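Down below is the structure, laid out as structure tokens.
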Amino acid sequence: MYFACRRRLLLMQKVILGTDEWVRRGTITNRLNSRDNNLPLSCKEEIVGIIGYGAIGRRVAQLCRGLGMTVLVASRKGAPITSTRDTMGNEAHDTRTPFAEVLRRSTVLVLCLPRNPETLNLISHDEFQMMSQKTIMINVSRGGIVDEPALIQALRRGVIDGCATDVFLKEPSGAGDHWKEGDSPILKLSQDEAEELNLLVTPHVAWYARATIDGYLGAYKENVEDWCAGKPKNIVV
1 MYFACRRRLL
11 LMQKVILGTD
21 EWVRRGTITN
31 RLNSRDNNLP
41 LSCKEEIVGI
51 IGYGAIGRRV
61 AQLCRGLGMT
71 VLVASRKGAP
81 ITSTRDTMGN
91 EAHDTRTPFA
101 EVLRRSTVLV
111 LCLPRNPETL
121 NLISHDEFQM
131 MSQKTIMINV
141 SRGGIVDEPA
151 LIQALRRGVI
161 DGCATDVFLK
171 EPSGAGDHWK
181 EGDSPILKLS
191 QDEAEELNLL
201 VTPHVAWYAR
211 ATIDGYLGAY
221 KENVEDWCAG
231 KPKNIVV
């Protein structure tokens, strides 16, 4: 999702397959530029802000560092910054950065946190105004964490450079001619506008893989066996 958004793959495909622009002009590299005509960043130039640092967030951080990106791990919004030293007094590898600072400094924001009353509309108008025009946002968390009308407004005004989202406030949600009141406003956009806004959408399938299914089945089996043995885990009260 990151590469598709940063390299504007949907728009590039539309231009190549639907026009003769490449032949006429000899190059369409300018189509990769942002709306304020800045060239795309390389991986080593990216500053990735990760909001939500559970198992998924940690794996994302590992992959991003492997690509040479700088990684910032956000503290909870409004939370005081606590010590980042480990039990031996050494500086911890995953130092937390204040939430607002992550928004200001990041060129890529990755959201991978749970939805709860504290995270509902965590990213809205005020948060978008803190971001850079270079920022692209990747949302693989849950619908409702990003204020969807605020996101559309930020994209239309060029406040951020793009967004790829796998989740929506209402799921499943109608789109295009099938959109109706109450569905996600993101999916009311036409395909042409989404491409121009550098908006990539997928229907909550980022998790879907053979390994994920196998992991779920293994966890189900282990949980049942532990419960039968009188040692239940993951108890939700």
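Using UniProt numbering, the letters of the sequence shown correspond one by one to residues 1 to 237. Think of the CB as a built atom: it goes at the ideal place given N, C-alpha and C, for glycine as much as any other residue. Please read all numbers here as calculations on a predicted model, not as lab measurements.
| Query | Result |
| --- | --- |
| C-alpha gap between I235 and R142, whole angstroms | 22 angstroms |
| For N234, the residue or residues it bridges with in DSSP | Partner(s): none; N234 has no beta bridge. |
| Cutoff 8 angstroms: S42 Cβ touching any chain D Cβ | Looking at the structure shown, chain D is missing, and only one protein chain is on hand. |
| Buried or exposed by the 16-neighbour rule on C-beta atoms within 10 Å, applied to M88 | Legend: pLDDT at M88 = 43, less than 50; position of this residue unreliable, value from coordinates given subsequently. Answer is exposed; the Cβ neighbour count stays below 16. |
| Assigned exposure category for K134 - 16 Cβ within 10 Å defines buried | buried |
| Spatially closest choice to G52 from E127, A74, N38 and A164, by CA coordinates | A74 |
| Counted within 10 angstroms of its Cβ, other Cβ atoms place N116 as buried (16 or more) or exposed | exposed |
| CB contact flag (L187, V167, <8 angstroms) | no |
| Straight-line gap, L63 to V48 (C-alpha atoms, nearest Å) | 11 angstroms |
| N-terminal and C-terminal residue of the beta strand (DSSP E) that V110 is part of | V108 to L111 |
| The stretch 147-159 / the stretch 124-133 touching (three or more Cβ pairs under 8 angstroms) | yes |
| V73: first and last residue of the uninterrupted beta strand (DSSP E) it sits in | T70 to A74 |
| Inter-residue spacing [alpha-carbon to alpha-carbon] between I56 and C112 | 7 angstroms |
| Cα-Cα separation between D214 and W207, rounded to whole angstroms | 12 angstroms |
| Own chain, CB closer than 6 angstroms to L10, minus 5 neighbours either side, in chain order | E195 |
| Y216 to G174 span [Cα, whole Å] | 28 angstroms |
| For T95, the three-state DSSP class (helix, strand or coil) | coil |
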